[in-house]
Amino acid sequence: MAITGLLPDFLVTKLDYLANLTRKHSLWPMPFATACCGIELMATASSRYDIARFGSEAMRFSPRQCDLMIVAGRVVMKMVPVMQRIWLQMPEPKWCISMGACASSGGVFDAYATVQGIDRFIPVDVYVPGCPPRPEQLIRAVLDIQEKIQRTGTIDAREFAARSSYEGPTSLAREIGPEEAIVAPGDFTTATRLRSLKMTNDPPMTRQ
Amino acid sequence: MAAYLDTLTARFPGAFTTSEFRGDRRVIVAADKAPAVLLGLLRCLKEECGFDFLCDVAGVDYLNYPGAADRYGVVYALTNTTTGGRVFVKAFANDPDPVLPSAVPLWQGADWLEREVYDMYGVRFDGHPDLRRILMPSEFTAYPLRKDYPLRGLGERHNFPTITRAES
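Note that the protein sequences, when read in sequence, are chains C and F. Mapping of the first sequence onto the working numbering: residues 1 to 208, in sequence order. Mapping of the second sequence onto the working numbering: residues 1001 to 1168, in sequence order.
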């Protein structure tokens, strides 16, 4: 009205564009923080790094109120059903950031109880490398999520229906190779794991 | 020779051996004697020798250990709260059914400690009021700290359903 002359009389756009524009600037993260990455996540939300500049500062601890799950830290096999339940409880549309080396690949924790990447069990949109990642890297991930929403989002979230197949690593069958299924380390005296170890001729140690 | 060792020798002759490491005395009970002797020995240490505090219960797997005679060791770390003296009781158990008497009748604090040893090594404790897994999920079937268990497990860590984006 008052700015008649500056703007054209009407604009033509797509509803998808408008929905994406509003959604991407109003992300509500669900902080699924299980380890030290959670500390960086808190730093990202605090005033120095200030994730609020990108419209995603409204962290809620109920999955019902969130649309961006940030898995920050290692996930053990006892936590996988909890993580999946929280993911299923979040309303659509929703996205997931796998923050840090442990959540993305297991990191250094290649042990019997640690999941080697959460993308084997829930869909992940953006991975953040680092151990732990700097807050700037998490902000970069949020910006990537925003770009992904703007490019692929639809107002009725129909783009998710196309993602009906498994998106994780394909190496599930290569879980334990025969040479990796190691058992007791042979040499307790030097604490090494030599495979061609001759034990029989060693003098027996006296039992303490 | 400490006075409590005289008491133990008089009460349980031939049931244990001792050794010392950096000033800490160890009382070692072999697997063939442990089920009958261990609880009485711990009770004697607690009630007659003043070792009234159970610091820790830990498990060890001596598979392929040079010179080891028995497989599973369970270490009870006892402290005398009056003198500050310590003694370590190491009892052994063997396959196929490693079982030791529970120390819960003596120390209530042994409850979770023995559950952890059971969870990690599969050593059962006879007389334990609630012998369940404490760290691993209850559907876990292996004992992960045994030396013949692979470091990366037997695939339990990935035995979960996958949720795809379309169905969530």
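Backbone N, C-alpha and C fix where the C-beta goes; we use that ideal spot for every residue, glycine too.
Reduced DSSP secondary structure (H/G/I, E/B, other) of residue i
i       : result
S104/C  : helix
D1006/F : helix
E1020/F : strand
R124/C  : Arg is not the amino acid found at residue 124/C; the sequence shown has Val there. V124/C: coil per DSSP, three-state reduction.
F160/C  : helix
F1160/F : coil
A45/C   : helix
L1151/F : coil
R64/C   : helix
G38/C   : helix
I1028/F : strand
A1166/F : coil
A58/C   : coil
A113/C  : coil
L172/C  : Legend: pLDDT at L172/C = 49, less than 50; position of this residue unreliable, value from coordinates given subsequently. Note: L172/C maps to helix in three-state DSSP.
Closest by C-alpha distance to residue i, when choosing among the options
i       : options                            : result
G1085/F : R1132/F, K1046/F, I1028/F, L1041/F : K1046/F
P1161/F : Q84/C, V128/C, I155/C              : Q84/C
F54/C   : A101/C, M30/C, V108/C, H25/C       : H25/C
P1129/F : L1039/F, L1063/F, V1104/F, L1145/F : V1104/F
P123/C  : T34/C, M69/C, L27/C, S47/C         : M69/C
I139/C  : S104/C, E159/C, P63/C, R48/C       : R48/C
A1091/F : D1119/F, C1049/F, G1059/F          : G1059/F
V52/C   : F61/C, S62/C, L41/C                : The sequence shown places Ala at residue 52/C, not Val. Closest option to A52/C, Cα to Cα, is L41/C.
Y1118/F : T1083/F, G1073/F, G1155/F, L1106/F : G1073/F
E1020/F : F1125/F, F1088/F, A1036/F          : F1088/F
D1056/F : N1094/F, C1044/F, Q1108/F, A1015/F : Q1108/F
D125/C  : Q146/C, V80/C, Q89/C, M59/C        : Q146/C
P1098/F : E1167/F, G1153/F, M1120/F, N1080/F : M1120/F
Q89/C   : D67/C, T34/C, F109/C               : D67/C
T1082/F : V1037/F, G1050/F, A1034/F          : G1050/F
C37/C   : G153/C, T154/C, T152/C, Q137/C     : Q137/C
Neighbour flag for residue i against chain C, beta carbons, 7 Å
i       : result
T1009/F : no
S1138/F : no
A1166/F : yes
T1153/F : In the sequence as displayed, the identity of residue 1153/F is Gly instead of Thr. Yes, G1153/F lies at the interface with chain C (some Cβ there is under 7 Å from its Cβ).
F1160/F : yes
P1144/F : yes
A1003/F : no
Endpoints, the alpha helix (DSSP H) within which residue i is located
i       : result
K1046/F : 1034 to 1047
L88/C   : 80 to 89
R140/C  : 135 to 152
M69/C   : Unbroken run through M69/C is the beta strand (DSSP E), 68 to 72; no alpha helix (DSSP H).
A1110/F : 1110 to 1121
L15/C   : 15 to 24
Chain F contact for residue i (CB, 7 Å cutoff)
i      : result
S164/C : yes
M77/C  : yes
V82/C  : no
A29/C  : It is Pro, not Ala, that sits at residue 29/C in the sequence shown. With 7 Å as the cut-off, P29/C does not count as an interface residue toward chain F.
A184/C : At A184/C the pLDDT is 49, less than 50, meaning the model places this residue with poor confidence; the figure from the coordinates comes in the next sentence. Answer yes: the Cβ-Cβ gap between A184/C and chain F drops below 7 Å somewhere.
L88/C  : yes
M69/C  : no
F160/C : yes
Contacts of residue i in chain F (Cβ-Cβ under 8 Å)
i      : result
F32/C  : Here the premise fails: no neighbours, minimum Cβ distance about 14 Å.
P123/C : I1163, T1164, R1165, S1168
Extent of the continuous beta strand (DSSP E) to which residue i belongs
i       : result
W219/C  : This structure gives no information on residue 219/C, because the portion of chain C shown stretches from 1 to 208.
P29/C   : 29 to 33
A1091/F : 1086 to 1093
A1077/F : 1072 to 1079
V1104/F : Run containing V1104/F: none; DSSP gives neither H nor E here.
F1053/F : 1053 to 1061
R1124/F : 1124 to 1126
Listed by chain order, chain F residues near residue i by CB distance under 9 Å
i      : result
L138/C : Under the 9 Å cutoff, chain F gives no residues; its nearest Cβ is about 22 Å from L138/C.
G168/C : T1162
R120/C : H1158, F1160, T1162
Under 8 Å from the C-beta of residue i: neighbouring residues of chain C
i       : result
E1156/F : M77, Y112, A113
The ligand FMN heavy atom lying under 6 Å from the CB of residue i
i       : result
D1148/F : This structure lacks the ligand FMN, and indeed carries no ligand of any kind.
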